[in-house]
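Position one of the sequence shown corresponds to residue -17 (the numbering used here), numbered consecutively onward. All residues carry an ideal CB built from backbone N, CA and C; glycine is no exception.
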Amino acid sequence: MATTDIQLSSEEVFAFYEKYFKYFNTLSSPYKNLFVDRAIRFIQSKNFVGLKNTGVNNKVKAIISASAIQLTLGLEIWQMNYFHTIFVFPSDFKNAITGLSLKGETNLSGFVSFSFSSFIEGYRISNDNLNLGLHEFTHALRFNGVKGDKTDVFFDNYFEKWFCHANDEYIKVKNGNKSIFRQYGGTNINEFLSVVVEHFFESPNKLKNSCPDLFLATGILLNQINHAGVTYVGVREVLLKRQSSGHSLSNLMPKQAFFRLPGVISSYVLILISLITFLRAGPLSFPALFMLILSLLLVLRNDFYYARFKIEANQVVINYGYFLFKNRKIISVFPNKLIKVNFNHIGGNDETVSFEYLDAEGFFTEAESHVNLNPNDKALLINELKKSFVWVRSH
-17 MATTDIQLSS
-7 EEVFAFYEKY
3 FKYFNTLSSP
13 YKNLFVDRAI
23 RFIQSKNFVG
33 LKNTGVNNKV
43 KAIISASAIQ
53 LTLGLEIWQM
63 NYFHTIFVFP
73 SDFKNAITGL
83 SLKGETNLSG
93 FVSFSFSSFI
103 EGYRISNDNL
113 NLGLHEFTHA
123 LRFNGVKGDK
133 TDVFFDNYFE
143 KWFCHANDEY
153 IKVKNGNKSI
163 FRQYGGTNIN
173 EFLSVVVEHF
183 FESPNKLKNS
193 CPDLFLATGI
203 LLNQINHAGV
213 TYVGVREVLL
223 KRQSSGHSLS
233 NLMPKQAFFR
243 LPGVISSYVL
253 ILISLITFLR
263 AGPLSFPALF
273 MLILSLLLVL
283 RNDFYYARFK
293 IEANQVVINY
303 GYFLFKNRKI
313 ISVFPNKLIK
323 VNFNHIGGND
333 ETVSFEYLDA
343 EGFFTEAESH
353 VNLNPNDKAL
363 LINELKKSFV
373 WVRSH
């Protein structure tokens, strides 16, 4: 890299990346322009601090920022605003508290630190699945949301689905079994995410061949994918469709519907009471009119919001309405777009079950149903959901 610095203009930054940043040249022209625009904005929003006599000029800022933009180019919210400061050391450095020697650190106090020599090494050797920049910025992207700062909605909500696809391989690495991923990835799921991201960018074909489900899930999470040396951005829907043919809920045999009688039953009882009041107190009496109106409103409300679900034709089918509003809305969700299912025990075999899913417009949505599940049916359902990479919580 030449010693002369660059100006932070679109033209100079564009030319700099074309010459020095390999990933940049895998992009189409529109995404190259977006990359440059985001990189300049990222540089301007962060406080870069050189330590131990490290000079931090615009080239250093640009090459470090490029790593963050590479990771987040497919995301709508990409700035990682919680992390306001980037410390740059010339080589490995010590953590002031633990005394450990580090190449990089993502600190929850709001800063990211890099050994610049190790950072450059991560890009100079492009096929060893060790990339310090991608590794630490993946932590920053994940922790940005955990700390409550504004983060990408899809990344934040889809992470648990990604975890379901990653879990088997993560457990394998954690237990020291043979895997394409280095053992450090078994430290915790956040380290595993960073290690997977390194593979995703540096050895995409190897990851795809060894762990196809995890490869697709990572592409969906980041909304980009590399194929034959070309990076395609904005491909989430295409990748979701590829997933849809892979796993099914169809092992639930016979077809089962899970629901209990809704609250409209109790409101019908209230109607009966109001009719008795009507007969005894007179049709125009206040108690009779009050009870009748109250019961009718309760019936309409319960009927309108009632939802039941069943597993059918490899889908979770959620059906709204019970009597007057029967079938007012029917939602069918394939396993690839079903993110999370929460079981909340009410009493006996009664459960409130909520489904978090990705709807047809690409929004994360929740539906809830009250059900009566015997333990065997519940265990069967949970097992099928987990095999279909759905995050399940049971309270």
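Asked, Found
"Per-residue DSSP class, three states only, for tyrosine 288", "coil"
"Rounded straight-line distance, which links the Cα of histidine 147 to that of lysine 369", "10 Å"
"Isoleucine 79 in three-state terms, based on DSSP", "coil"
"Same chain, Cβ closer than 6 Å to glutamate 350, neighbours up to 5 away in sequence not counted", "Ser336"
"Between the CA atoms of glutamine 297 and leucine 231 - distance to the nearest angstrom", "7 Å"
"Sub-8 Å separation of alanine 44 and valine -5 beta-carbons", "yes"
"Integer-rounded CB distance, given that asparagine 77 should sit under 8 Å from aspartate 131", "23 Å between Cβ atoms; not a contact."
"Proximity below 8 Å, CB of isoleucine 171 to CB of tyrosine 140", "no"
"Contact the stretch 304 to 315 vs the stretch 113 to 127: 3+ CB pairs below 8 Å", "no"
"At least three beta-carbon pairs within less than 8 Å, the stretch 177 to 185 to the stretch 153 to 165", "yes"
"Contact belief for serine 108 with glutamate 184 at Cβ below 8 Å, rounded distance in angstroms", "6 Å"
"Reference arginine 224, options Val215, Val212, Ile321 and Phe197, closest by Cα", "Phe197"
"Spatially closest choice to glutamate 333 from Val353, Phe345, Tyr339 and Ser314, by CA coordinates", "Val353"
"Nearest residue (CA-CA) to tyrosine 13, options Val315, Tyr288, Val212 and Leu367", "Val212"
"Secondary structure, alpha helix (DSSP H): runs of 4+ residues fully inside the stretch 26 to 86", "40 to 54"
"Leucine 214 - partner residues in DSSP beta bridges", "In the sequence as displayed, the identity of residue 214 is tyrosine instead of leucine. In the DSSP output, where bridge partners are listed per residue, tyrosine 214 has Ile207."
"Residue from Phe316, Gly344 and Asp359 with nearest C-alpha to asparagine 331", "Asp359"
"Alpha-carbon to alpha-carbon, phenylalanine 3 and lysine 41", "12 Å"
"Cross-strand partners of tyrosine 302 (DSSP beta bridge)", "Ala289 and Lys311"
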